[in-house]
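First up is the structure itself, then whatever we jot down about it.
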Amino acid sequence: MKRFLVFTSALFIVLSSCHTKEITTIQLNSGWQFRQAGKDEWLTATVPGCVHTDLLALNKIPDPFYRQNEKAVMWVEKADWEYKTTFEVNGNELKNDHILLRFDGLDTYADVYVNDSLVMKADNMFIGWEVPVKNLLKKGNNELRVYFHSAVAVGMEKLRKVPYALMAANELAPENERTNVYTRKAPFHYGWDWGPRLVTCGVWRAVKLEMWNTAKLDDIYLKPQKVTTEEARYSVVATIIADKSANVNLTATIDGKEAASRKKVELKEGENKIPLDIAIQKPELWWTNGLGGHKLYAVEITLSTGETKLGSIKHRLGVRTLELVQQPDSAGSTFYFKLNGVPVFMKGSNYIPSDIFLTRNTKTNFERVVKDATDAGMNMLRVWGGGVYEDDALYDLMDENGILAWNDFMFACNVQPVDSLHLDNIRKEAEYNVKRLRNHPSIALWCGNNENLSAWFGWNWIGRYPKKFSDTLWWGYQQIYHHILPEAVSKYHPEVSYWPSSPQTKDNKLSDRLSGDEHDWAVWFANAPFSNYGVKVPRFVSEYGMQSFPEMKTIRAFANDSDMEYRSPVMEHRQRSNLGWIGPGVNGNEMILIYIKKYYKEPKDFASYVYLSQVMQAESFRSAIEAHRRNMPYCMGSLYWQINDCWPTMSWSSVDYFGRWKASHYFVTKAFYPLLVVPYANGSTVSVSVVNDHLTDDSGKLELTVYDFSGKELWKEISDLTVKANSSQVYARIPLSKLRSLGKENEIILQASLACGQVIVTNYYYLKDCKDLALQKPVIEKTITKHSSQEAEIRLHSNTLVKNLALTTAAEGRFSDNYFDVIPGRDYFIIFNGDVDSLEKDLRVQCVNESY
Ligand code: BMA
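Numbering (the numbering used here), first residue to last: 9 to 860.
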């Protein structure tokens, strides 16, 4: 096999990560073959990878993303799979005192053989596995073989030994055959309400041999001591493994300049923790997106003995303070993040892995998600607990772009086994991942689980078990979320807060909107109107959402012409949100229509259903974000469900699997803008709030204008105001009776515009739901001016009010704005970045006016 022998950073790590560890390494990622256990033929495999992508590459299975092919590949999860490769080791390499075989990730039940000797049995996909192999290696060719047991079969064996079924809400299997809880593997592989069931296996992260002598620099921890604007002091704690007592030197550099050193440090045999104190004078602080820069200092620690360098580790340091503030107040308790002494409203979304096959969730995908987040003005993503502890590469990008991570441990909507082996496994996993990720300034919070507390008491899972079992399971809950996980955080990352369950109150009870966080799902799961978002607003909304279909281009990637109906078997198969309690057989596709009909009318065809689903979803996100932001500082966070998809599908996402923005992402971008003007119904008045996330006061002009649908101005009022820093305040109140006196309610629109310096933000208020507006068939002029092959300006003009004008084209590209309302008589200029020749051929517009 082809080898990379390096005494520099491992190649894979150099490419994928901004922090590196130098150690003599042989990469073992090539020359792999695989076969179904019991079959003779070995086939070419890719490592890192998984069995499904290997089978796909060889056309041995159909694309599970297409139509209902998922069903045709179900057999794969039931089989065992074997992987093998050979690698060469030379005499010099064998002279190393220590040779470790290291897997950064094995999915999941994997027996590993080196030259036919069993060296380990892995049982947790979330941790790295390493084992000494020096004594098993020989000069020349060696064989590495991994036998993957079917995770479902192993899970079933475990399940059968327990006298009750453990609840797992989203697994796509009969209730008494749900096994994901028994296996420490990405829960969403077993099916979720936005994803397929594809329970794969494989070597999913890098594999290598690591060699060392005397002492190994294993890890560094950038532990803050005191951070002020004058000076930032950190203790860099180096973990060194020594095989005998030895004298070593340690040096720390910051941005290439020596910052500290310790000579002749005496190591004892075993693990040594050696602190090195570093300080940065007048540090440039790390801020979130929108509030300042995201300076990262490069810190490098080098271990040497005499003239010999034994290893080094680099990591980037973001200087900041961050605190989760939960202070009692008249309502309950606050719940907000204070960054560098400033309370910051968290604007963001929930993140799931961007591909069910994790090795296809590459750095390009991470870049796309983080760019979508930053473009939309977000400052937080919640890395949700049903996926995986993500690669460092995702957090590197979040560090670089000022996006904080609400970081769940991987537990979602389920009840965990309570046996000691399982609990030990969780302990290992927590310690491993907290240590792996703790140096990223983006990590804001560790959260124990997603909705396991809500499920236990709120969805009454406790009531499903006889008392003797429910007591045991509740004991298990407390062990995991009140002991094992918080202990890992307080031991390895004490400066970051731990939150046991999302959502919950400050005192570990079911969420009550008076303290803690909330998942506000009355819209969607309980068919509540969008106005509900403004009723009893929570302190921090870590989930809420609305589904839509992706655009037609994306639908065509998984469906053919005969499927183009929301009730077609292919669309029903893909829809995983079942809502039987709303009505018999109600599923998400039906629910989308229910919501469309609440605010719009019956769509005239499937394309209009798809378009209206997006407009409706966008409106729902807008209503929620505006309600949350105008209620700051009572409410201090708005994270909608969900920013991305793991396959092309209808779901709550604002960006689809291919990275195409839905209407909602354009809306979210406006609703998260630092300066926001919100006209909203408030009893018999329309109040106009202004929200300002900037940390300085701003003076501005608020212009309120009423137009009719032909564009005629009916009323105008202009006022000067000072917009307070980091605040939300009502600046105007207009009696509804006043608005009604100006024209027919279904034919007028209130425009609220705020001009602060160069920035003008605008928002609209209609007196009626969209379905009751007197919308006319518009005549829309569109002129394209080509700036280059990749950029064009589109001028739009209409003779009547247009609701949610959408620009679409076959070409891939991004419009500077989309799905916006058009006031007649004005020119709108939109920039398109993408294939302009194609745009010129087929630029199309869609609007609500023409969708019924
Ligand atoms: C939330 C999430 C997910 C789920 C989503 C939509 O509660 O935590 O479990 O996919 O709702 O139902």
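Every residue gets a Cβ at the ideal spot worked out from N, C-alpha and C, and that includes glycine. Only a predicted model underlies this, so the values are computations on that prediction, with no experimental measurement involved.
Just how far apart, CA to CA, sit residue i and residue j?
i      : j      : result
Thr693 : Asp479 : 52 Å
Gln76  : Arg582 : 8 Å
Ile360 : Arg376 : 13 Å
Glu78  : Arg205 : 7 Å
Val663 : Gly356 : 13 Å
Lys193 : Met82  : 17 Å
Lys346 : Met354 : 10 Å
Asn639 : Ser736 : 7 Å
Arg852 : Ser243 : 59 Å
Glu848 : Ile792 : 7 Å
Val350 : Asn700 : 14 Å
Pro140 : Asp407 : 34 Å
Gly39  : Leu431 : 36 Å
Thr342 : Gly57  : 44 Å
Trp532 : Glu598 : 11 Å
Trp655 : Asp71  : 11 Å
Asp780 : Arg748 : 15 Å
Val856 : Arg668 : 21 Å
Asn540 : Tyr198 : 33 Å
Ile107 : Asn433 : 25 Å
Gln784 : Arg834 : 17 Å
Phe557 : Tyr674 : 15 Å
Quick test of your reading: residue i and residue j, contact by CB under 8 Å. State the CB separation rounded to the nearest angstrom.
i      : j      : result
Ser312 : Glu277 : With 8 Å as the limit, Ser312 and Glu277 do not qualify as a contact, their Cβ atoms being about 19 Å apart.
Asp112 : Met133 : Not quite, the Cβ-Cβ distance comes to about 11 Å (not below 8 Å), so this is no contact.
Leu217 : Leu318 : 17 Å between Cβ atoms; not a contact.
Asp716 : Ile768 : About 22 Å separates the two Cβ atoms, so there is no contact after all.
Ala401 : Phe374 : 5 Å
Gln555 : Gly596 : 5 Å
Leu712 : Leu758 : 7 Å
Ala632 : Ser646 : 7 Å
Pro291 : Ala240 : 4 Å
Ser462 : Leu518 : 7 Å
Please return the same chain residues whose Cβ sits closer than 7 Å to the Cβ of residue i, not counting the five positions on each side in sequence.
i      : result
Glu610 : Tyr860
Tyr619 : Ala814, Gln854 and Ser859
Val497 : Val442, Trp454, Val504 and Tyr506
Gly410 : Trp295, Thr296, Asn297, His302 and Asn387
His323 : His27, Ile228, Leu230, Val307 and Asn447
Tyr190 : Gly163, Lys166, Leu167 and Pro425
Ser628 : Val531, Phe538 and Met554
By the three-class DSSP mapping on this structure, what secondary structure does residue i have?
i      : result
Gly645 : strand
His157 : coil
Val377 : helix
Ser253 : coil
Gly163 : helix
Glu30  : strand
Met406 : helix
Ile633 : helix
Leu847 : helix
Lys10  : Low confidence applies to Lys10: its pLDDT is 39, below 50, so where it sits in the model is not reliable, and the reading given next is rough at best. DSSP places Lys10 in coil when its eight states are reduced to three.
Phe111 : strand
Lys606 : helix
Ile288 : strand
Gln512 : coil
Leu481 : helix
Phe538 : helix
Which same chain residues end up closer than 6 Å to residue i when comparing Cβ atoms and leaving out the 5 residues on each side of it in sequence?
i      : result
Asn415 : Val391, Ile451 and Trp454
Phe614 : Met572 and Glu573
Gly99  : Lys147
Ser661 : Gln650, Asn652 and Asp653
Leu63  : Ile69
His501 : Val442 and Arg446
Val738 : Ser695 and Ser697
Using a Cβ-Cβ cut-off of 8 Å (strictly less than) and excluding sequence neighbours within five positions of residue i, which residues of its own chain qualify?
i      : result
Val59  : Phe42, Val84, Trp89, Phe156, Thr208, Cys209 and Gly210
Lys129 : Tyr117, Ala118, Asp119 and Val120
Ala87  : Gln44, Ala45 and Ser158
Lys10  : Low confidence applies to Lys10: its pLDDT is 39, below 50, so where it sits in the model is not reliable, and the reading given next is rough at best. Excluding residues within five positions, the ones whose Cβ falls inside 8 Å are Ser38 and Gly39.
With 9 Å set as the bound, which would you pick, yes or no: does the beta-carbon of residue i sit closer than that to a beta-carbon of chain C?
i      : result
Glu408 : Protein chain content of the structure displayed is limited to a single chain, and chain C is not contained in it.
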